[in-house]
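When we follow the numbering used here, the leftmost residue of the sequence shown carries the number 15, and every step to the right adds one.
Virtual Cβ for every residue (Gly too), placed ideally from N, Cα, C.
Everything below concerns the one structure shown next.
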Amino acid sequence: MKKLTPDNYRSMPWKNGAGTTIEIAAFPEGATISDFTWRVSRAQVVADGSFSHFDGIDRSLALLDGNGMRLLVNGQALLVDQYHNIAIFAGDAETSAQLLDGPISDFNLMTRRSLCSHKLTHWVGQAEHKLPTNSVLLYCAKGAGMIIGKSAHHELIADEAVQFVSNQEGAEFTLHSRADSVFYCVQITMNEH
15 MKKLTPDNYR
25 SMPWKNGAGT
35 TIEIAAFPEG
45 ATISDFTWRV
55 SRAQVVADGS
65 FSHFDGIDRS
75 LALLDGNGMR
85 LLVNGQALLV
95 DQYHNIAIFA
105 GDAETSAQLL
115 DGPISDFNLM
125 TRRSLCSHKL
135 THWVGQAEHK
145 LPTNSVLLYC
155 AKGAGMIIGK
165 SAHHELIADE
175 AVQFVSNQEG
185 AEFTLHSRAD
195 SVFYCVQITM
205 NEH
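Shown next, in the form of structure tokens:
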């Protein structure tokens, strides 16, 4: 398990040049936007506009801060205005965003469809959560919590994460979250070839 803080994150322009994203983690480590297997990032959205086009990529997008936005994905409206309203869509779909009431921050998970699939789960409030077996990353969006395993533990505060080294390592850990917390758990399932 590796703890990640904003000092570890990479800032880079959006593929369409209309904004900036903060990459929290990518696999394999050091992967670029064109060769990642999976990638987790956060971004500020300050204006309505079109999303970057990503061939062969599946996406999940969740709200971190603000009043939300409405996505239009190939003509279908998806509302992202609460932590639990996670938009799931193809990166190669025609996608645009309309802010509901001012700028927002979002959490973005992208996976290369030919290599793997993903699931993004949110946990809100004080609770104890055993991480699923295929967890690769746990992100603290708000509040704080303690991630505890047999051989290691880390306290996480807002905008910090832990990345699990192997696809099985996450199952050894339990999250103890505070009452004011919001966490996102990233699960990856590699395709069988």
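Residue burial classification, Ile171 (beta-carbon count within 10 angstroms, cutoff 16): By the 10 Å Cβ count, Ile171 comes out exposed.
Test item: CB-CB of Lys29 and Ser55 under 8 angstroms: No, the Cβ-Cβ distance between Lys29 and Ser55 is not below 8 angstroms.
Cβ contact check for the stretch 139-147 and the stretch 101-108: 3 or more pairs under 8 angstroms: For the pair of segments examined, the stretch 139-147 was found not to touch the stretch 101-108: the number of CB pairs separated by less than 8 angstroms stays below three.
Simplified DSSP assignment, three categories, for Asn122: Strand at Asn122.
Continuous beta strand (DSSP E) assignments of at least 3 residues falling wholly in the stretch 18-73: Within the stretch 18-73, the runs of beta strand (DSSP E) that reach at least 3 residues and sit entirely inside it are, in chain order, 24-27, 34-41 and 52-59.
Beta carbon of Gly82 nearer than 8 angstroms to that of Ala57: Judged by beta-carbon spacing, Ala57 lies beyond the 8 angstroms limit of Gly82, meaning their Cβ atoms are not closer than that value.
Touch test, the stretch 82-100 against the stretch 39-56, Cβ-Cβ under 8 angstroms, three pairs minimum: No, because fewer than three Cβ pairs between the stretch 82-100 and the stretch 39-56 fall closer than 8 angstroms, the two stretches do not touch.
Glu108 - DSSP class collapsed to helix/strand/coil: Residue state, collapsed to three classes: coil.
For Phe68, the nearest candidate out of Ser191, Asp49 and Leu78 (CA to CA): Closest by alpha carbon: Asp49.
Under the three-state DSSP convention, the category Glu142 falls into: Correct three-state label for Glu142: strand.
Unbroken beta strand (DSSP E) run spanning His167, endpoints: Per DSSP, the continuous beta strand (DSSP E) segment holding His167 begins and ends at His167 to Ile171.
Segment limits, beta strand (DSSP E) that includes Phe197: That run of the beta strand (DSSP E) goes Val196 to Met204.
Alpha-carbon to alpha-carbon, Arg127 and Thr19: The straight-line gap from Cα to Cα measures roughly 28 angstroms.
Buried or exposed (CB count within 10 angstroms, at least 16 for buried), Arg24: Arg24 is exposed by the Cβ-count criterion.
Option nearest Ala45 by Cα separation, candidates Tyr198, Gly31, Thr125 and Glu174: The option with the nearest alpha carbon to Ala45 is Thr125.
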